[in-house]
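Engineer: The listed protein sequences correspond, in order, to chains P, F, U and W. Mapping the first sequence onto the numbering used here, position 178 (from 1) lands on 401, and the numbers just tick up by one. Mapping the second sequence onto the numbering used here, position 252 (from 1) lands on 475, and the numbers just tick up by one. Mapping the third sequence onto the numbering used here, position 104 (from 1) lands on 327, and the numbers just tick up by one. Mapping the fourth sequence onto the numbering used here, position 254 (from 1) lands on 477, and the numbers just tick up by one. First the structure, which I've put down as structure tokens, then a few questions once you've had a look.
There are 4 protein chains.
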Amino acid sequence: MKIDLQNVVNEIYQKHLDLKIGKPASYIPELSNVNPDLFAISIVDVNGQIFSAGDSTATFTLQSTSKPIVYGLALAERGEEFVHSRIGVEPTGEAFNSIIELEEKSHRPFNPMINSGAIATTSLITGSDFSSKLEKILNWFELFVGHKVEINESVYLSEKKTAHRNRAIAHLMKHFDVIDSDIEETLNLYFKQCSILVNCVDLGFIAATYANQGVQPKTKKNVLDRAKVIKSLSLMFTCGMYDTAGEWAFQVGLPAKSGVSGALFAVVPGKFGIAVYSPKIDEHGHSYRGQAVLKDLAKRLNLNVFSHMSEEGRQL
Amino acid sequence: MKIDLQNVVNEIYQKHLDLKIGKPASYIPELSNVNPDLFAISIVDVNGQIFSAGDSTATFTLQSTSKPIVYGLALAERGEEFVHSRIGVEPTGEAFNSIIELEEKSHRPFNPMINSGAIATTSLITGSDFSSKLEKILNWFELFVGHKVEINESVYLSEKKTAHRNRAIAHLMKHFDVIDSDIEETLNLYFKQCSILVNCVDLGFIAATYANQGVQPKTKKNVLDRAKVIKSLSLMFTCGMYDTAGEWAFQVGLPAKSGVSGALFAVVPGKFGIAVYSPKIDEHGHSYRGQAVLKDLAKRLNLNVFSHMSEEGRQL
Amino acid sequence: MKIDLQNVVNEIYQKHLDLKIGKPASYIPELSNVNPDLFAISIVDVNGQIFSAGDSTATFTLQSTSKPIVYGLALAERGEEFVHSRIGVEPTGEAFNSIIELEEKSHRPFNPMINSGAIATTSLITGSDFSSKLEKILNWFELFVGHKVEINESVYLSEKKTAHRNRAIAHLMKHFDVIDSDIEETLNLYFKQCSILVNCVDLGFIAATYANQGVQPKTKKNVLDRAKVIKSLSLMFTCGMYDTAGEWAFQVGLPAKSGVSGALFAVVPGKFGIAVYSPKIDEHGHSYRGQAVLKDLAKRLNLNVFSHMSEEGRQL
Amino acid sequence: MKIDLQNVVNEIYQKHLDLKIGKPASYIPELSNVNPDLFAISIVDVNGQIFSAGDSTATFTLQSTSKPIVYGLALAERGEEFVHSRIGVEPTGEAFNSIIELEEKSHRPFNPMINSGAIATTSLITGSDFSSKLEKILNWFELFVGHKVEINESVYLSEKKTAHRNRAIAHLMKHFDVIDSDIEETLNLYFKQCSILVNCVDLGFIAATYANQGVQPKTKKNVLDRAKVIKSLSLMFTCGMYDTAGEWAFQVGLPAKSGVSGALFAVVPGKFGIAVYSPKIDEHGHSYRGQAVLKDLAKRLNLNVFSHMSEEGRQL
């Protein structure tokens, strides 16, 4: 990899600086108060080297980018078999907040990347009480980020107050015995995990930890074992971008996850993690700039997993 | 790759020789007349070396394993943009023969791996008349297989006679202006392509051509350009196994395609193609033995695309 | 009934003469060639007395208003039990041309008023060949109308040529063994029955025959036995207006059936039949003027079945 | 009406005394504690005369039979136009507890007889606080029954504790702005109204009040104005029996409403109300005996609304 990554990041940042379409998410009122022009790109490689451009120290809430990370914690705590019996790994062709996609036979949520599956995932985290569960989740994120994280309480309260659809989804899963836990506690944990504050470099380190087979590039701690990293990447590849996951695989070809705050990260296994932050989102809940940047990077650096593999394979 | 592949193939063949569940497809009457105990595994590497076990010379019809190949022909003939405007690349969570999954807005079929999308794909093949279109399709398959192919006329006629659901799907797409062609001609072409006869080694060469970036390993002809190979692999990864595609990605992690004849192939980019034939299928239309063999091979040889990439990446 | 019906008809005709919204059906090309301003109202009482206004001699094709009549013939020929085993009587909340509403368990069409159920109904008519079946259907309609009827061949051919959705529905029912007959023959019969030409007075006599317990008011022939009249009225009440049937029951409260040609008839049991013809239709396929006229008549003459019954009951 | 109704009631009671299939509802735990063999029939005519057989003093909770009565209160309080803007009147073809049937465009519940529509209806009842709203609802029921009513607190608490699906439905309607009220308060009112205790004669008086154009036959009070009675009957005819409403109209032909407690009432406008109580229910939530008794009564006494009207009409 002789490419000057910092130079590539700068160029692509400049190219997309003027993108004007889209606006911040409004369904969580507090999210709409953000500066819509914020824009950052951060690539973090498996050695922990950082290549950033733009507002890389501006903080934002993780929202749905938190989902694969908590899924990893659930796998670590409850084992793949048990987690899989409660939450599938199948893409749906439906939007992230669909309530109808509970499988007919088992009533399992289709996958942990959509809200139903993510809430069910959070319900599996163990602990003696709310505080101990929350602390466990925060500690887990800190392992990926490499330092302490905080929660944006006003986003949390805003989401808690308005999340009637998520509440509906949770009650329906309780009805179908998909979740055993107390609904309000589970939702509060879920809203808290969505409200964790990071900046674009932090998100780059999360992605880089996956790229580095579960070892955080800076702290060198083995945060997630290799087998679970592989499962997580597979899941992000087929389900991470909801009802545009197939299109994403076709155009970009990298495991990725987006959040309605405008966060988006993608993983280039063995090489680096890529994070973009720009709060203007499309109707699927994906950052406009985030998608454009990733498409450009994937094309320019030939990052598509199948493209990459074919080349590596031939060199052997 | 120092592994003795022939030995691995022999062992896994023996391990699954006694698998008893499932029975051949019955919805195409002629398909149910096959010997249900047939079983073959063929790995063909990018240099054209063959590692086979079992009934590797027994012939069978391609059925849905023909879909990605004809999609490649459509891409080559009509260009990605046009093909994409007619047929999406999104997984559905629905069965292969679903009629309800025509996108609400555009009425495009969700992807070319389900029947609706595959029929629409075949409708895009150009030619002055039925014969010239059929000849073009047969020639296309011959490039992948490396020799002449024939059609099983009794399977073709059996399918043509009983395919009321596929006829319904075609008429609905005509209604929505997804297909412009004559419906009977398109269906006949589609039934013909599904009835092409190959053996397990042939299917292995098809898979190996994808693994070898579009160059047929034996003839060394560049059958499909590299960019279209990447698109095809992405598509097979997210949509090739229909409503178990997510599960397949999670458990096996390789681009693959199955057919109700009991055919199944998977691609290990840069390395080799894997083909399995065993006519006993499950309720999703996938060969029981085919799936079991692939799961074992993927685990034993560490073939999951993300697993592989992570390792390769670290060696750089 | 001391009301001067002719006067009421005249007044309501004048009131709605200027209604401007809507346009003729365009999905059958030939239907769009009609004069969109045509407008007729005809009430025919159980004694055969006629109260008409407007273009009551202008002819139009029956389209879906033919459905309950052929359903009566199927009941007469095959018996209620058999017909019921093939076609339900349940309203759906879906549009008239929905293809997804084949019941999950039995795959029966929900009811004979939507296209799927109507095509299945026509498939049940017996006869040695196409001509004898067609003749039987025409004779059946002639019993209701009281004279010979003809078919508009250009509408028939136009519908036959463009009915891809109906063809899709028919093939899907063939797939599910809901229909045993030859699909093209059944569809041709169905398109012919839809293309029968009547004028507004004729349609009034059809409605009046139902109002008169199955006895045609002019010929005094007992066309349909009383028990089947009751079943037909019940069916038209819950399903005749498709996905606005509930709204219609709530606002008008009379058994009715509409057709995309702009035909609409309603039945006031024991009293009279009401027919309206005006080709401008809404998105549900109902005549705008037809609906407005019926709402006014129902309100003015207190025709709602429950209103009427309550009053009659009290007089006993 | 020269028929000896008491004799008919006795005969039909005896005929169905031995019916063995079905069991009491179990989804509300407290409901399953009832004596499953209880069985009562009560006909109350428009003059207040009572014809009963069986356990006609055994009390049971109204459950869904409360829905049309509270809908009447909402109409009286808020006006038809406003109520209609929030809750449709369209049958759905779906089960009583379906969560997916919120209209795509307006997100209104399809009708007030299914749970979503009934909860939305209860949310419209006005009052300064919970107690005043509850008192208003109880007073409203007392007008129909003719005496004070009580609530079965253990059924109420049992339903309140386990109603995860109803809670999901309420939150989803809150999300779509269909309901403005506090969800817990509305659900508590709804569970209370479902837990009102009556016996079979009481339920007969409710039905008779509808039969008598809104005038309670014993107290002679005008409880519901005539226009709203007509609307209520229309609604019960098309939607009262959920996804078997069409079948019910076809086989029985009377406005009716069932509840999972085993209560069922039907209205013969101008003549009498019919109530049946027998707790063994089928998969649609309807009492087995209740349905069988009504089918027999309708056939024996020729009660089908269209049958009746045809005859009455001819006598004029």
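C-beta: ideal position from N, C-alpha, C; glycine also.
What residues from the segment 388-403 of chain F come within 9 Å of chain U, judged by C-beta to C-beta, listed N to C?
Structural biologist: Listed in sequence order: Arg-388, Asn-389, Arg-390, Ala-391, Ile-392, Ala-393, His-394, Leu-395, Met-396, Lys-397, His-398 and Phe-399.
Engineer: Using only the alpha-carbon positions, how far apart do Gly-295 of chain P and Pro-332 of chain P sit?
Structural biologist: Here the question's residue 295 of chain P lines up with position 72 in the first sequence. Here the question's residue 332 of chain P lines up with position 109 in the first sequence. Cα-Cα distance, rounded: 17 Å.
Engineer: What did DSSP end up calling Leu-539 of chain P once you bin it into helix, strand or coil?
Structural biologist: Taking the first sequence and counting its residues from 1, one reaches residue 539 of chain P at position 316. Low per-residue confidence applies at Leu-539 of chain P: pLDDT is 36, beneath 50, and the placement is therefore not dependable, though the value from the model is reported in the following sentence. Correct three-state label for Leu-539 of chain P: coil.
Engineer: Touching or not, the segment 239-251 of chain W and the segment 273-292 of chain U, by the rule of three or more beta carbon pairs under 8 Å?
Structural biologist: In short, these stretches do not touch, since the Cβ pair count stays below three.
Engineer: Could you please tell me which residues of the segment 455-472 of chain U, in chain order, have their CB closer than 8 Å to any CB of chain W?
Structural biologist: Cβ contacts with chain W come from Leu-456, Ser-457, Leu-458, Phe-460, Thr-461, Cys-462, Asp-466, Thr-467, Ala-468, Gly-469, Glu-470 and Ala-472.
Engineer: Could you work out which residue in F:Val-438, F:Tyr-500 and F:Ala-489 is closest to Leu-520 of chain F when comparing CA atoms only?
Structural biologist: For this step, residue 520 of chain F is matched to residue 297 along the second sequence. Comparing Cα-Cα distances from Leu-520 of chain F to each of F:Val-438, F:Tyr-500 and F:Ala-489, the minimum goes to F:Ala-489.
Engineer: Which one or two residues does DSSP pair with Asn-338 of chain P in a beta bridge?
Structural biologist: Translated into the one-based positions of the first sequence, residue 338 of chain P becomes position 115. Looking at the DSSP assignment, Asn-338 of chain P forms no beta bridge with any residue, so it has no partner.
Engineer: Can you confirm whether Ser-530 of chain W, when its beta carbon is compared against all beta carbons of chain U, has any partner nearer than 8 Å?
Structural biologist: Here residue 530 of chain W refers to the residue found at position 307 when the fourth sequence is read from its first residue. Ser-530 of chain W counts as touching chain U.
Engineer: Quick check on Ile-360 of chain W - is its C-beta less than 8 Å from some C-beta in chain U?
Structural biologist: Along the fourth sequence, read from residue 1 onward, the residue named residue 360 of chain W stands at position 137. Not an interface residue.
Engineer: Answer with yes or no whether the minimum CB distance from Pro-502 of chain F to chain P is below 8 Å.
Structural biologist: If you number the second sequence from 1, residue 502 of chain F lands on position 279. Chain P contact via Cβ: absent.
Engineer: Taking just the CA atoms, how far does Val-232 of chain P sit from Met-224 of chain P?
Structural biologist: On the first sequence, residue 224 of chain P is found 1 positions in, with the first residue counted as 1. On the first sequence, residue 232 of chain P is found 9 positions in, with the first residue counted as 1. For Met-224 of chain P, the predicted structure reports a pLDDT of 49, less than 50, and the residue's modelled location is therefore unreliable. A value from the coordinates is still provided. Those two C-alpha atoms are separated by around 15 Å.
Engineer: Using 8 Å as the limit for Cβ to Cβ distance, is Asn-527 of chain F near chain P?
Structural biologist: The residue labelled residue 527 of chain F in the question sits at position 304 within the second sequence. Interface residue, yes.
Engineer: With DSSP as the reference, label Glu-313 of chain W as helix, strand or coil.
Structural biologist: For the purposes of this step, residue 313 of chain W is taken as the residue at position 90 of the fourth sequence. Coil.
Engineer: Run down chain U in chain order and give the residues with a C-beta less than 8 Å from the C-beta of Gly-340 of chain W.
Structural biologist: Here the question's residue 340 of chain W lines up with position 117 in the fourth sequence. Residues of chain U passing the Cβ test: none, with the nearest at roughly 11 Å.
Engineer: Could you say which of W:Lys-238, W:Gln-439, W:Asn-230 and W:Leu-228 lies nearest to Arg-512 of chain W if we only look at CA atoms?
Structural biologist: Looking up residue 512 of chain W in the fourth sequence gives position 289. Of the candidates W:Lys-238, W:Gln-439, W:Asn-230 and W:Leu-228, the one whose C-alpha sits nearest the C-alpha of Arg-512 of chain W is W:Lys-238.
Engineer: With a cut-off of 8 Å on the beta carbons, I'd call Thr-345 of chain W and Gly-482 of chain W a contact; round off their distance for me.
Structural biologist: Working through the fourth sequence from its first residue, we reach residue 345 of chain W at position 122. Working through the fourth sequence from its first residue, we reach residue 482 of chain W at position 259. That pair is no contact at about 15 Å.
Engineer: With 16 as the cutoff for other CB atoms within 10 Å, does Leu-539 of chain W come out buried or exposed?
Structural biologist: Within the fourth sequence, the letter at position 316 stands for residue 539 of chain W. Model confidence at Leu-539 of chain W stands at a pLDDT of 36, short of 50, so the residue's coordinates are unreliable; what they give is reported in the following sentence. It counts as exposed.
Engineer: Using a threshold of 8 Å, state whether the C-beta atoms of Asn-270 of chain F and Pro-478 of chain F are closer than that.
Structural biologist: Locating residue 270 of chain F in the second sequence gives position 47, counting from the first residue. Locating residue 478 of chain F in the second sequence gives position 255, counting from the first residue. Not in contact: Asn-270 of chain F and Pro-478 of chain F (Cβ atoms no closer than 8 Å).
Engineer: Is it a yes or a no for the segment 395-412 of chain F touching the segment 462-478 of chain F, going by three-plus beta-carbon pairs under 8 Å?
Structural biologist: The segment 395-412 of chain F vs the segment 462-478 of chain F: no contact.
Engineer: Does the segment 377-397 of chain F come close enough to the segment 372-379 of chain U to have 3 or more Cβ pairs within less than 8 Å?
Structural biologist: No, the segment 377-397 of chain F does not touch the segment 372-379 of chain U.
Engineer: Classify Phe-262 of chain F as helix, strand or coil using the three-state DSSP reduction.
Structural biologist: Against the second sequence, residue 262 of chain F aligns to sequence position 39. Residue state, collapsed to three classes: coil.
Engineer: Please work out which residues of its chain come closer than 8 Å, Cβ to Cβ, to Asn-527 of chain F, disregarding the five sequence neighbours upstream and downstream, and give them in chain order.
Structural biologist: Here residue 527 of chain F corresponds to residue number 304 of the second sequence, with the count starting at 1. Answer for Asn-527 of chain F: Val-475, Gly-476, Leu-477 and Ala-521, listed in chain order.
Engineer: Are Leu-458 of chain W and Phe-473 of chain U closer than 8 Å when you measure CB to CB?
Structural biologist: The count along the fourth sequence starts at 1 and reaches residue 458 of chain W at position 235. The count along the third sequence starts at 1 and reaches residue 473 of chain U at position 250. Yes, the pair counts as a contact, with Cβ atoms nearer than the cut-off.
Engineer: Within 8 Å, do at least three Cβ pairs link the segment 362-369 of chain W to the segment 306-317 of chain W?
Structural biologist: As far as the Cβ criterion goes, the segment 306-317 of chain W does not touch the segment 362-369 of chain W, which means the pair count is below three.
Engineer: Less than 8 Å separating the beta-carbons of His-387 of chain P and His-394 of chain W?
Structural biologist: Within the first sequence, numbered from 1, the residue matching residue 387 of chain P stands at position 164. Within the fourth sequence, numbered from 1, the residue matching residue 394 of chain W stands at position 171. Against a cut-off of 8 Å, the Cβ pair of His-394 of chain W and His-387 of chain P comes out as a contact.
Engineer: Can you tell me whether Lys-443 of chain F is buried or exposed, with buried defined as 16 or more other CB within 10 angstroms of its CB?
Structural biologist: Position 220 of the second sequence, counting from 1, holds the residue named residue 443 of chain F. Exposed, by the Cβ-count rule.
Engineer: Suppose you measure from the CA of Leu-487 of chain U to the CA of Ala-431 of chain W; what does that come to, to the nearest Å?
Structural biologist: Locating residue 487 of chain U in the third sequence gives position 264, counting from the first residue. Locating residue 431 of chain W in the fourth sequence gives position 208, counting from the first residue. Distance between the alpha carbons of Leu-487 of chain U and Ala-431 of chain W is about 35 Å.
Engineer: Leaving aside the five residues before and after Asn-435 of chain U along the sequence, list all residues of the same chain whose C-beta is less than 7 Å from its C-beta, in chain order.
Structural biologist: Taking the first residue of the third sequence as position 1, residue 435 of chain U is located at position 212. Val-269.
Engineer: May I ask you to report which of helix, strand or coil DSSP gives Ser-351 of chain U?
Structural biologist: Residue mapping note: residue 351 of chain U aligns to position 128 of the third sequence, counting from 1. Residue state, collapsed to three classes: coil.
Engineer: List the DSSP bridge partners of Ser-275 of chain P.
Structural biologist: By one-based count along the first sequence, residue 275 of chain P stands at place 52. Ser-275 of chain P pairs with P:Ser-265.
Engineer: Below 8 Å on the Cβ atoms is my contact criterion, and I expect Pro-291 of chain W with Ser-501 of chain W to pass it. Report the Cβ-Cβ distance as a whole number of Å.
Structural biologist: For the purposes of this step, residue 291 of chain W is identified with residue 68 of the fourth sequence, where counting begins at 1. For the purposes of this step, residue 501 of chain W is identified with residue 278 of the fourth sequence, where counting begins at 1. No, Pro-291 of chain W and Ser-501 of chain W are not in contact; Cβ-Cβ is about 20 Å, not under 8 Å.
Engineer: What in chain F is Cβ-close to Asn-334 of chain P, meaning under 7 Å?
Structural biologist: Here residue 334 of chain P refers to the residue found at position 111 when the first sequence is read from its first residue. Gly-469, listed in chain order.
Engineer: With DSSP as the reference, label Tyr-294 of chain P as helix, strand or coil.
Structural biologist: Along the first sequence, one-based indexing puts residue 294 of chain P at 71. Looking at Tyr-294 of chain P - three-state DSSP - the assignment turns out to be helix.
Engineer: Please report how far the alpha carbon of Glu-407 of chain U lies from the alpha carbon of Pro-335 of chain F, in whole angstroms.
Structural biologist: Within the third sequence, residue 407 of chain U is the residue found at index 184, counting from 1. Within the second sequence, residue 335 of chain F is the residue found at index 112, counting from 1. Rounded to the nearest angstrom, the two C-alpha atoms are 29 Å apart.
Engineer: Against chain W, with Cβ distances strictly below 8 Å, would Glu-506 of chain U count as a contact?
Structural biologist: Working through the third sequence from its first residue, we reach residue 506 of chain U at position 283. It does not; no Cβ of chain W falls within 8 Å.
Engineer: How many angstroms separate the CA atom of Ser-351 of chain W from the CA atom of Leu-357 of chain W?
Structural biologist: Here residue 351 of chain W corresponds to residue number 128 of the fourth sequence, with the count starting at 1. Here residue 357 of chain W corresponds to residue number 134 of the fourth sequence, with the count starting at 1. Taking the straight line joining both Cα atoms gives about 11 Å.
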